[in-house]
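Enquirer: Going by this note's numbering, the first residue of the sequence shown is number 3, and it counts up by one from there.
Please see the structure below; I have some questions.
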Amino acid sequence: MKTKVQLLREEKHLTQTELAEKSGLSLRTIQRIEAGNIPKGFTLKTLAKTFEVEPESLVQTNSKSAIINRVKLINISVLSSLIIPFGNIIFPSILTYKSKEPEAKELGKNILSFQIIYSVILSILLIVSPFIQKAFQIPLFLVFLVLFKSINIFVVFKNGLSLNQNSTLYINLKFNLL
């Protein structure tokens, strides 16, 4: 993701070195800003003057990108269930409800809804597995656990890829439990 400074520099057909010379800032400062550091104070004013724009326009973050990054964090936090029981509900719910962006909350609730349904189904299967295990003579408890954990990992990675490519979830429920 390109920063506002990088976009303006490229628009004016300047190299980083040329921008550093024109603005009086060091090349390393320009590189840090284009790597994602937010310019402040003197640096911000100097760049704004160089590009002939308002300082505020240089520090505006790409809100869509911030929302997608927040949803990616919520999505990846689902994997905590590999270590902590029901971590796939606990951590995503904390991250969802701490989100300030309505779009991130909505997508987070969708992830949570899927995880709640997943956890209920897995719990039921794990409870009934000892009773039906006698008929099949295989450890169904482990089969269900490994199969469903694998499915959940697959869904998390597919959601992550879909968020990168389309800014949407791969598994997008038509209803919301929350």
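For each residue, glycine too, the CB sits at the ideal point set by N, CA and C.
In this text the structure is predicted, and so the values were computed from the model without any measurement.
Spatial neighbours of T31 within its chain, please: C-beta separation below 7 Å, excluding the five flanking residues on both sides.
Expert: Reading the sequence shown from its first residue, position 29 is the one you call residue 31. The answer, listed in chain order, is T45.
Enquirer: Within a Cβ cutoff of 6 Å, which residues of the same chain sit near E103, ignoring the five residues on either side of it in sequence?
Expert: Residue mapping note: residue 103 aligns to position 101 of the sequence shown, counting from 1. Excluding residues within five positions, the ones whose Cβ falls inside 6 Å are I69.
Enquirer: Report the rounded CA-to-CA distance for F177 versus Y120, giving the unit in angstroms.
Expert: Taking the sequence shown and counting its residues from 1, one reaches residue 177 at position 175. Taking the sequence shown and counting its residues from 1, one reaches residue 120 at position 118. The straight-line gap from Cα to Cα measures roughly 14 Å.
Enquirer: Report buried or exposed for Q167, applying the criterion of at least 16 other Cβ atoms within 10 angstroms of its Cβ.
Expert: Position 165 of the sequence shown, counted from the start, is the residue given in the question as residue 167. Q167 is exposed by the Cβ-count criterion.
Enquirer: Between I134 and the rest of its own chain, which residues show a CB-CB distance below 7 Å, the 5 nearest in sequence each way excluded?
Expert: As a working mapping, residue 134 is identified with position 132 in the sequence shown. So the list reads L142, once near-sequence residues are dropped.
Enquirer: Using C-beta distances below 7 Å, list every residue in its chain close to L175, excluding the 5 sequence neighbours before and after it, in chain order.
Expert: What you label residue 175 is simply residue 173 of the sequence shown in a count that begins at 1. The answer, listed in chain order, is N112, S115 and F116.
Enquirer: On a CA-only basis, which of E56, I140 and F150 is nearest I126? Give me that one, please.
Expert: Numbered from 1 along the sequence shown, position 124 holds the residue referred to as residue 126. Ranking the options by Cα distance to I126, first place goes to F150.
Enquirer: Do L60 and P41 have their beta-carbon atoms positioned less than 8 Å apart in this structure?
Expert: Position 39 of the sequence shown, counted from the first residue, corresponds to residue 41. Position 58 of the sequence shown, counted from the first residue, corresponds to residue 60. In contact: P41 and L60 (Cβ atoms closer than 8 Å).
Enquirer: Which ranges does the beta strand (DSSP E) cover as unbroken runs of at least 3 residues, wholly within the region 93–135, from first to last along the chain?
Expert: Counting whole runs of 3 or more residues, the region 93–135 contains no beta strand (DSSP E) stretch at all.
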